[in-house]
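Data block below; observations after.
There are 2 protein chains.
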Amino acid sequence: MSRQKDLVLDILTGSRGHLTAAQVFERAKEHIPNISLGTVYRNLGELHGDGMIGRFVLSDGSSVYDWSPDPHGHLICPVCGKIEDIGDPCLMDDLRRIAGGSLISAEIVAEHVCSDCLSEVNKA
Amino acid sequence: MSRQKDLVLDILTGSRGHLTAAQVFERAKEHIPNISLGTVYRNLGELHGDGMIGRFVLSDGSSVYDWSPDPHGHLICPVCGKIEDIGDPCLMDDLRRIAGGSLISAEIVAEHVCSDCLSEVNKA
DNA sequence: CCTCAAATCAGTAATCATTCCTAATAACTA
DNA sequence: TAGTTATTAGGAATGATTACTGATTTGAGG
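Residue numbers (the working numbering), protein chains in the order written: chain A, 44 to 167; chain B, 44 to 167.
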């Protein structure tokens with residue numbers, strides 16, 4: 044595990060975050076100023092391939108890397124962009140049942156206005 | 044509704060298919076040889092915005108357009124590429140319940156080896 | 001400590017899906 | 001029919017991601 048790969052992993056797991064490659068790149072530059080975006084992509088891809096981090100795709104086609112490799116759904120607020128995990132396991136359980144038990148990957152991504160943004164609207 | 048937009052819609056609904064923009068473009072050229080890819084994209088986007096067709100994103104980031112606008116999950120076979128609809132409504136019902144009833148969009152995409160490809164493997 | 005081979009890197013060029021732009025065409029309205 | 005508006009074809013631009021290349025780092029064996 045190189046210094047760069049270790050840093051990329053730390054940025055994700057240390058923040059328990061959901062970050063795009065560009066966001067990981069920005070934070071990584073604070074520690075290794077001349078790290079390259081290609082290195083961030085390669086290491087994120089390897090970490091995901093090794094099952095150490097999660098990954099899902101937004102409706103605009105860009106990827107988000109997830110500190111947790113355990114499959115779970117995500118709720119995204121289109122107003123503020125916040126990403127919340129879906130802790131309830133019933134979705135993944137049902138998906139496994141429907142697929143016949145042999146899931147290779149599973150992505151559940153839903154948009155809904157989060158409670159914070161909803162109360163902002165109701166104030167007005 | 045222009046001739047081009049009507050054709051794009053017919054290609055999707057007539058085949059009850061799950062097609063990428065490039066696949067729609069290929070089929071569209073059989074009827075309007077000089078139709079442009081940009082036109083296909085624009086009309087697919089408008090049809091989706093108007094709620095006439097569905098749309099979801101593959102793990103490689105490319106979009107698939109769905110003849111059915113009703114939200115439902117999809118199972119994709121990584122061997123043959125076949126895309127199957129998930130008819131069981133419990134996934135979407137649970138998702139709505141978890142999100143608090145106000146879903147703006149929902150994508151459920153899972154990979155699993157389909158029964159056809161599985162029996163191919165078992166033969167060998 | 002030194003050497004060499006393998007892994008990894010930084011930087012950049014290339015790719016690919018998608019969007020944007022513009023001048024031309026088609027469709028509608030009065 | 002004339003004028004106005006919507007839509008098109010074609011190509012250029014964009015943005016995320018991947019591929020390539022020569023340089024740098026690393027780590028095992030001597």
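Glycine included, C-beta positions come from ideal geometry on N, C-alpha and C.
Residue-level contact check: His-115(B) does not touch chain A, since none of the beta carbons of chain A fall below 8 angstroms from its beta carbon. Restricting attention to Gly-92(B), Leu-101(B), Phe-68(B) and Glu-69(B), the CA atom closest to the CA of Pro-121(B) is found in Leu-101(B). Interface criterion met: the Cβ of Ala-142(A) is under 8 angstroms from a Cβ in chain B. Listed along the chain, the chain B residues whose CB falls inside 8 angstroms of the CB of Glu-154(A) are Leu-146, Ile-147, Ser-148 and Ala-149.
Here Pro-114(B) is buried: its Cβ has 16 or more other Cβ atoms, across all protein chains shown, within 10 Å. For Glu-69(B), no beta strand (DSSP E) run applies; the uninterrupted alpha helix (DSSP H) run containing it begins and ends at 64–72, by DSSP.
Under the 8 angstroms criterion on CB atoms, Cys-123(A) is classed as non-interfacial with respect to chain B. Contacts between Gly-104(B) and chain A, judged by CB atoms closer than 8 angstroms, involve Val-100, Gly-104, Ser-105 and Ser-106 in chain order. When rounded, the separation of the alpha-carbon atoms in Gly-81(A) and Lys-72(A) is 13 angstroms.
Counting only the Cα atoms, Ser-162(B) lies some 25 angstroms from Glu-150(A). Chain-ordered, the chain B residues with CB closer than 8 angstroms to the CB of Asp-131(A) read Asp-137 and Ile-141. Fully enclosed beta strand (DSSP E) runs of no fewer than 3 residues occupy 97–100, 106–109, 116–119 and 126–129 of the segment 70–138 of chain B, in order along the chain. The residue from Leu-52(B), His-117(B), Leu-62(B) and Met-135(B) with its alpha-carbon nearest to that of Glu-127(B) is His-117(B).
Against Leu-87(A), chain B offers no close residue; the least beta-carbon distance is about 14 angstroms (beta-carbon pairs closer than 8 angstroms).
For Leu-134(B), the C-beta contacts it makes with chain A under 7 angstroms involve Leu-134, Asp-137 and Leu-138, in order along the chain.
Under the Cβ distance rule, Leu-55(A) does not count among the residues neighbouring chain B, no pair being separated by less than 8 angstroms. Chain B has no Cβ within less than 8 angstroms of the Cβ of Leu-80(A).
Under the three-state reduction of DSSP, Ser-45(B) is assigned to coil, being neither helix nor strand. The straight-line gap separating the alpha-carbon atoms of Met-95(B) and Gln-47(A) is approximately 46 angstroms. Under the three-state reduction of DSSP, Ala-149(B) is assigned to strand.
Contact between the segment 101–111 of chain A and the segment 58–76 of chain A is present: 3 or more CB-CB pairs across the two stretches fall below 8 angstroms. Contacts with chain B at 8 angstroms (Cβ-Cβ) include Leu-118(A).
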